[in-house]
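Numbering (the UniProt record's numbering), first residue to last: 1 to 70.
All C-beta atoms, glycine included, are put in the ideal place defined by N, C-alpha and C.
This one's a predicted model, so the numbers in the text were calculated from it and none came from an experiment.
Following: one structure in structure tokens, then a few remarks.
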Amino acid sequence: MSAIGKAIRAARMASGFTQAELADWIGIADGNQISRWERGVVTPSADNVCELSRVLGVRLDKSVGDAVSC
């Protein structure tokens, strides 16, 4: 699991969202995409990291270093 994946999972669970609910909140049609991000199979785009940060109320951009600035 990647650093961003761990951060997404921890923030999602702390917020009480299921993967499907979080996908709906950020406008992702495929709820499995959240699982892929959490497992580190794929990395979310900069836009998705910023949207996840907004919805979850945490600074996930710091988990991916200087690659993303929200």
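Can you give me the C-alpha to C-alpha distance between G43 and G16, rounded to a whole angstrom? First, the amino acid is wrong: residue 43 is Thr here, not Gly. Roughly 22 Å separates the two Cα atoms.
Member of M1, S2, E38, I4 whose CA lies at the smallest distance from the CA of Q19: Nearest Cα to Q19 within the set M1, S2, E38, I4: E38.
Taking the alpha helix (DSSP H) that G40 belongs to, which residues open and close that run? Note, G40: premise wrong, no alpha helix (DSSP H); not H, not E.
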